[in-house]
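In the numbering used here, the protein residues as written are 1 to 209. Note that the Cβ used here is the ideal one computed from N, Cα and C, for glycine as well. None of these values were measured; they are calculated from a predicted model. Worksheet for the structure shown next.
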Amino acid sequence: MIITFGTQKGGAGKTTLAIAFANYLALQDKKINVFDFDFQKSFYHKWEEDEALDIPKLYEVKSIGENDKPIDFEAIMDMKESEEIYLFDLAGTLDDKYTSLLIMSDYIVIPFEYSDVSAKSTLVFIELLSVIESEAQMIFIRSKYDKGYNYLNQEGMDEEISKYGKILENPVYKRNCLQNINTRKLTYEQRHSVKPSFDELINYINATI
1 MIITFGTQKG GAGKTTLAIA FANYLALQDK KINVFDFDFQ KSFYHKWEED
51 EALDIPKLYE VKSIGENDKP IDFEAIMDMK ESEEIYLFDL AGTLDDKYTS
101 LLIMSDYIVI PFEYSDVSAK STLVFIELLS VIESEAQMIF IRSKYDKGYN
151 YLNQEGMDEE ISKYGKILEN PVYKRNCLQN INTRKLTYEQ RHSVKPSFDE
201 LINYINATI
């Protein structure tokens, strides 16, 4: 199975949530294979940095550079048909190197916020996926959500993006503990910060795969 975390613009917590989700699955004894295809390579660099920790690895992370060849069709098909989980951290781009992956992912998880910038970039990413005729199911997750704030555009934004995929009912709330995440573990606080959202995400995937 291929699960891709993607956004058109940075700042919505995509890589933080991708790391947290990979950790969450690995700690449930799921076999995870992680690929960092984002230009900034934040996931991969964090994984390398965590080599200094005296904690066993939960999974391996591979990155792809500008001069590397894209993953070919057969390799993607093997990933889709595997019982293992292939998790990709991917920038929302029309680069030919990533188009096949965006088209053939089983699920694309799209973190978003209700800021004007995030709302617009989320809609741009949805349009990009439409242009390339992606076959993936889109799952939208509210990121850095402040339950004490009145988001004036929430109703309209939810109505629009729900036309294209599933919006998880449980947001990931704005929590300082998630800023200190690493690729080797989830602290008690981190786990409980993401558990409602990730359990809902996993249940949805299990029900629709």
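Each residue's CA atom was taken as its position, placing Y59 and I209 some 23 Å apart. Taking 8 Å as the cut-off, the beta carbon of S193 is found closer than this to the beta carbon of R175.
Contact annotation, I110 with M138: C-beta distance approximately 6 Å; criterion of less than 8 Å satisfied. Distance from the CA atom of Y107 to the CA atom of F21, rounded to whole angstroms, is 14 Å.
Taking M157 as the centre and dropping the five residues before and after it, the same chain places the C-beta of Y114 and A119 closer than 7 Å to its C-beta, in chain order. Take the alpha-carbon of E81 and the one of F5: they are about 19 Å apart. The continuous stretches of alpha helix (DSSP H) do not include R142, which lies in the beta strand (DSSP E) extending over residues Q137 to R142.
It is roughly 16 Å from the alpha-carbon of Y44 to the alpha-carbon of P56.
For F37, the secondary structure class from DSSP, reduced to helix, strand or coil, is coil. With a cutoff of 8 Å on beta-carbon distance, D38 and A91 are scored as near each other. For G156, the enclosing alpha helix (DSSP H) starts and ends at Q154 to I161. Distance from the Cα of I141 is smallest, within the candidate group Q154, N182, T187 and Y149, for Q154. Only residues of its own chain outside the window of five on either side were considered, and among them Y164 have a CB closer than 6 Å to the CB of I126, listed in chain order. T15 sits in a helix when the DSSP states are folded into three classes.
Non-local beta-carbon contacts of M79 in its own chain, meaning distances under 6 Å to residues more than five positions away in sequence, involve I2 and Y86 in chain order. Closest by C-alpha distance to S197, out of A18, K9 and G11, is A18. L53 and R184 do touch by the CB rule: their CB atoms are close to 5 Å apart, below 8 Å. Linking E169 to L201 through their CA atoms gives a straight-line distance of about 10 Å. In this structure, I64 keeps its C-beta atom at 8 Å or more from the C-beta atom of L101. DSSP places I2 inside the beta strand (DSSP E), whose first and last residues are I2 to T7. Listed as beta-bridge partners of F125 by DSSP are no residues whatsoever. Remark: C-beta atoms of D89 and T16 do not approach each other more closely than 8 Å.
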